[in-house]
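Participant:
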Amino acid sequence: MNKKATLLDIYKLLLQNLGPSNWWPGDSPFEIAVGAILTQNTNWHNVEKAINNLKQANLLTEEAIFQIDEQTLASHIKPSGFFNIKAKRLKNFVTWLYQEANLNLLNLQNYPLETLRPKLLAVSGIGPETADSILLYALNKPIFVVDVYTKRMFFRHGLIPEETTYSEVQELFMDNLEPNVKMFNEFHALIVRACKKWCTKKNPKCEQCPLKNLTA
DNA sequence: GACCAGGCACATC
DNA sequence: GATGTGCATGGT
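Using our numbering, the letters of the first sequence correspond one by one to residues 8 to 223.
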């Protein structure tokens, strides 16, 4: 199959059916990065509660999280679940920002993607999806974000084998699409929204999914 | 009351 | 390198 044409067809189909997503919700790049860590294996609704707690306590800045002790931080982010481990991960992240970027996330924008991504992945608690979410949604770097939804949706519609790894799925997109921040942003958001709507666990055959028109 | 949610690190074999 | 497990709240 022509992978590039298929990917573009999927993108258009999802955009037509769902409309633009306006991701990632957040008032600042740092808030987006914090959200990326808090949403690990967690419903976004719960993450919003944690983020609102941080906002109300004036803690949603690099400096504030750098200064606060881990226990107190954990108490503010309780609604997001895994709060002890996530408090540690946020501290790891801002400690790294202190060393690497003078506690200003935006100072990282000058780094090329190829050097920045390995640096992010070296921070304990930041894996591929979190790193790529920060790179794309907070720093506007052209990297495609893969998640369980991407894998599930593409597997269900016969586009990838079930055991495909994160990097393999990512390469499918990166090798067949021009690097385009706005498009990568929208495409990933559309996949998540479409999967939540049509490719749920309770709907294993993806009834109603517009992608059925592609692969039927 | 079971199941799930926009992962990741670590232990063990 | 593959597989299993802990982390934890809140919505459905």
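The C-beta atom is built at its ideal place from N, Cα and C for all residues, glycine as well.
(1) Among the residues of its own chain, which have a CB less than 6 Å from the CB of Y18, if the five just before and after it don't count?
(2) List, from N- to C-terminal side, the alpha helix (DSSP H) runs of 4 residues or more that fit wholly inside the segment 79-118.
(3) Please classify A129 as buried or exposed, where buried requires at least 16 other C-beta atoms within 10 Å of its C-beta.
(4) Quick check: the segment 209-220 against the segment 16-36, are at least 3 beta-carbon pairs closer than 8 Å?
(5) Using a Cβ distance threshold of 8 Å, determine whether the segment 32-48 contacts the segment 81-96, with at least three qualifying pairs required.
(6) Mark D182 as exposed unless 16 or more other C-beta atoms lie within 10 angstroms of its C-beta, in which case mark it buried.
(7) Just to confirm my understanding: we take V199, look at its own chain, exclude 5 residues before and 5 after, and list those with CB closer than 6 Å. What are they?
(8) Answer with buried or exposed for T137, where buried requires no fewer than 16 other C-beta atoms within 10 angstroms of its C-beta.
(9) For L218, which of helix, strand or coil comes out of DSSP?
(10) Are the Cβ atoms of L112 and E69 separated by less than 9 Å?
(11) The alpha helix (DSSP H) that contains Y135, what's its start and end?
(12) From D154 to Y173, what distance separates their C-alpha atoms?
(13) In whole angstroms, give me the CA-to-CA distance for T79 and R96.
(14) By a C-beta neighbour count over all protein chains shown, 10 Å radius and 16 as the cutoff for buried, is G26 buried or exposed?
(15) Starting from S174, follow the alpha helix (DSSP H) in both directions and report where the run begins and ends.
Facilitator: So, from the listed chains and residues:
(1) Numbered from 1 along the first sequence, position 11 holds the residue referred to as residue 18. Same-chain partners within the cutoff: F194.
(2) Along the segment 79-118, the alpha helix (DSSP H) occurs as fully enclosed runs of 4 or more residues at 90-108, listed in sequence order.
(3) The sequence position of residue 129 within the first sequence is 122, counting from 1. By the neighbour-count rule (16 or more Cβ atoms within 10 Å), A129 is not buried but exposed.
(4) Counting Cβ pairs under 8 Å, three or more are found: they touch.
(5) Touching, per the Cβ criterion.
(6) Counted from its first residue, the first sequence places residue 182 at position 175. Exposed is the label assigned to D182, since fewer than 16 other Cβ atoms lie within 10 Å of its Cβ.
(7) In the first sequence, counting from the first residue as 1, residue 199 sits at position 192. Same-chain partners within the cutoff: Y156.
(8) Numbered from 1 along the first sequence, position 130 holds the residue referred to as residue 137. Counting the other CB atoms within 10 Å of its CB gives T137 a total of 16 or more, which places it among the buried residues.
(9) Counting from 1 along the first sequence, the entry for residue 218 is found at position 211. L218 falls in the coil class under three-state DSSP.
(10) Position 105 of the first sequence, counted from the first residue, corresponds to residue 112. Position 62 of the first sequence, counted from the first residue, corresponds to residue 69. Taking 9 Å as the Cβ cut-off, L112 and E69 qualify as a contacting pair.
(11) For this step, residue 135 is matched to residue 128 along the first sequence. For the record, residue 135 in the displayed sequence is Pro; it is not Tyr. Following the DSSP letters along the chain, one finds P135 inside the alpha helix (DSSP H) bounded by residues 135-140.
(12) Residue mapping note: residue 154 aligns to position 147 of the first sequence, counting from 1. Residue mapping note: residue 173 aligns to position 166 of the first sequence, counting from 1. Cα to Cα, D154 sits roughly 8 Å from Y173.
(13) Here residue 79 corresponds to residue number 72 of the first sequence, with the count starting at 1. Here residue 96 corresponds to residue number 89 of the first sequence, with the count starting at 1. Each residue's alpha carbon lies about 14 Å from the other.
(14) Translated into positions along the first sequence, residue 26 becomes position 19. Label assigned to G26: exposed.
(15) Taking the first sequence and counting its residues from 1, the one referred to as residue 174 is at position 167. For S174, the enclosing alpha helix (DSSP H) covers residues 173-183.
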